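Visitor: Heads up, the sequence shown is in this note's numbering, so the first residue is 1 and it goes up one at a time.
Cβ coordinates follow ideal geometry from the N, Cα and C atoms, glycine included.
Keep in mind the model is a prediction, meaning the values are calculated, not measured.
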Amino acid sequence: MGGTLRAVESDALMESSFRRLLASIDGERDQQRSAWQRLQQESDNTRDELERIRQETEDWCYSENQKIKAEWDRLNKLSEDMAKLWPQELDVIQINCAGEIFTLPKENLCSIPGSVLAEMFSDDFIQEIPRDEIGRFYLDFNPQCFGLVVEYLRNRRLRADAPLPIIPAVQQRNMEILAEAWKLRPFMKQNRMNPMHGTSLNIASKRSDALALPSDSASGASGGEEGEIFEVVSATHPGWQVISAESALPVSSPSYFEVSILANPDSRGGLAVGVCNHVPQGTEIHSIRLQCCVFYNSNNGVLGDILGEHDVQPKLELTEGETIGVRHDVASRTLQWFHNRVYIGTSTFKQGSHEHLAAMYPVFGLYVPGQEISVDFRAAAPDFPGQVKG
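#1: Indicate the three-state DSSP secondary structure (helix, strand or coil) for residue 285 in the structure shown.
#2: Between the Cα of residue 203 and those of 233, 192, 185 and 174, spot the shortest distance and give me the residue it belongs to.
#3: Name, in chain order, the residues that DSSP records as bridge partners for residue 328.
#4: Could you pull the start and end residues of the beta strand (DSSP E) that residue 230 belongs to?
#5: Given a threshold of 16 other Cβ atoms within 10 Å of its Cβ, counted over all protein chains shown, does residue 87 qualify as buried or as exposed?
#6: Taking only the alpha-carbon atoms, compute the straight-line gap between residue 56 and residue 68 and give it to the nearest angstrom.
#7: If you run the structure through DSSP and keep just helix, strand and coil, what is residue 44?
#8: Can you tell me whether residue 248 is buried or exposed? The criterion is at least 16 other CB atoms within 10 Å of its CB, across all chains shown.
#9: Would you mind stating whether residue 252 and residue 355 have Cβ atoms separated by less than 8 Å?
#10: Whole-angstrom Cβ separation of residue 327 and residue 380, contact assumed at under 8 Å?
#11: Does DSSP classify residue 372 as helix, strand or coil?
#12: Taking its Cβ as the centre, do 16 or more other Cβ atoms sit within 10 Å of residue 15, making it buried, or is it exposed?
#13: CA-CA distance, residue 184 and residue 39?
#14: Decide if residue 243 is buried, meaning its Cβ has at least 16 other Cβ atoms within 10 Å, or exposed.
#15: Locate the beta strand (DSSP E) running through residue 102, then write down its first and last residues.
#16: Would residue 338 be called buried (16 or more neighbouring beta carbons within 10 Å of its own) or exposed?
#17: Suppose only complete runs of 4+ residues qualify. What are the alpha helix (DSSP H) ranges in the region 108 to 139, listed by chain order?
#18: Among 372, 72 and 135, which has the Cα closest to the Cα of residue 153?
#19: Three or more C-beta pairs under 8 Å: does that hold for the region 294 to 308 against the region 271 to 279?
#20: Under a three-way DSSP split, which group does residue 192 fall into?
#21: Please classify residue 196: is it buried, with 16 or more other beta-carbons within 10 angstroms of its beta-carbon, or exposed?
#22: Skipping 5 residues on each side, what residues in its chain have a beta carbon closer than 6 Å to that of residue 115?
#23: Which of the three DSSP states is assigned to residue 366 in this structure?
#24: Our contact map puts residue 346 next to residue 333 with C-beta atoms below 8 Å; I'd like the distance itself, whole angstroms only.
#25: Please name the residue in 374, 135, 387 and 133 whose C-alpha comes closest to that of residue 261.
#26: Bridge partners for residue 310 per DSSP, in chain order?
#27: In this structure, does DSSP put residue 261 in helix, strand or coil?
#28: Thinking residue 241 and residue 199 are a contact (beta carbons under 8 Å), I'd like their distance in whole angstroms, please.
#29: Look up residue 295 in the DSSP assignment and say whether it is helix, strand or coil.
#30: Exposed or buried, residue 235, counting other C-beta atoms within 10 Å across all chains shown (16 or more means buried)?
#31: When DSSP labels each residue in this structure, what does residue 69 get in the three-state scheme?
#32: I need the DSSP call for residue 204, collapsed to helix, strand or coil.
#33: Does the distance from the C-beta atom of residue 238 to that of residue 363 stay below 8 Å?
#34: How close, in whole Å, do the beta carbons of residue 267 and residue 317 come, if the pair is a contact with beta carbons under 8 Å?
#35: Going by DSSP in three states, residue 147 sits in which element: helix, strand or coil?
#36: Starting from residue 245, follow its DSSP beta bridges and name the residues at the other end.
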């Protein structure tokens, strides 16, 4: 009898404990549901606020753009009135760009030194430009983008440092391609190191005249100007730290970037320069064995999972005061390599990898603390054997 009572009491206690446990679980669920609802509400409120700020910003930008456009129109009208008083005659050119007509002085078309546009309308080549049925020069390009170029060139008549016109978002990519193809430096985005690199590398901006750049770069081979700002990348911890450029290389024409080795305590390996089809992230930043990449590693040579045939000189040590340059040839899908601006060979990409090469980012790997490099993304590429110029 006593045993039966104890069993009943034990069952009652277990049932009571189980009910308390269920009540506790239900309470926890209610708290979680309430917290989730609060988070959802806060998320909705934040999204609404961001949308409001975005709309206000767009409205403000549009309003300011209209004001600026009206002012430039006034200045252009003033410029046209002043042009009537100029004693010399201007060689005014009419251009039919895919159906849209533009009129501006020839000297304006040639006002960006080194551009394809300046070469195209020079005395040596202007007769090679096709014409439409009534004799206007005919260009088969995006007329919206060409109109932005014309607007900028007209503004340069009044101010040599005229700002770029506002480029619509839908034309941004087309404008980048046109700027690359025509070498319109004012429109070309200046590449830089990826600020969201996630490594222990230190990036500092320094003036070129404060850097111990190699003599070729200092003499202007890099295309830089005295006092130009360069980013210096420094290794602070041992082990691979890999960083990429913020933007991919141009897709419409060959490109070149050059790395100056400012300091390298150990040149026997652990300093790599190359290209990759994506921005390294996560654990990738701690290895140069990346997917879809090609590197030249100091004291080793070229390596990478998409490396094809090559004749690149191996075993070069990248020591302090030297440079290594990489030229990416879009048309032939090859890389030309330069050591101290001297050609050291060409590498191809492995068969079957071309479909993955729509974008190629410059990448840099540092392994030894104290290593320092500076990258010039606007350096002029050296000549090399077999180069096709044009």
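Guide: So, to answer that:
#1: helix
#2: 233
#3: 255 and 335
#4: 229 to 234
#5: Caution applies to residue 87, whose pLDDT of 43 falls short of 50 and renders its modelled position unreliable; the value that the coordinates give is listed next. The residue in question, residue 87, is exposed, as its Cβ has fewer than 16 Cβ neighbours within 10 Å.
#6: 18 Å
#7: helix
#8: buried
#9: no
#10: About 11 Å separates the two Cβ atoms, so there is no contact after all.
#11: strand
#12: exposed
#13: 48 Å
#14: buried
#15: 100 to 105
#16: buried
#17: 116 to 120
#18: 72
#19: yes
#20: coil
#21: exposed
#22: 182, 183 and 184
#23: strand
#24: 11 Å between Cβ atoms; not a contact.
#25: 374
#26: 347
#27: strand
#28: 4 Å
#29: strand
#30: buried
#31: helix
#32: strand
#33: no
#34: 4 Å
#35: helix
#36: 193
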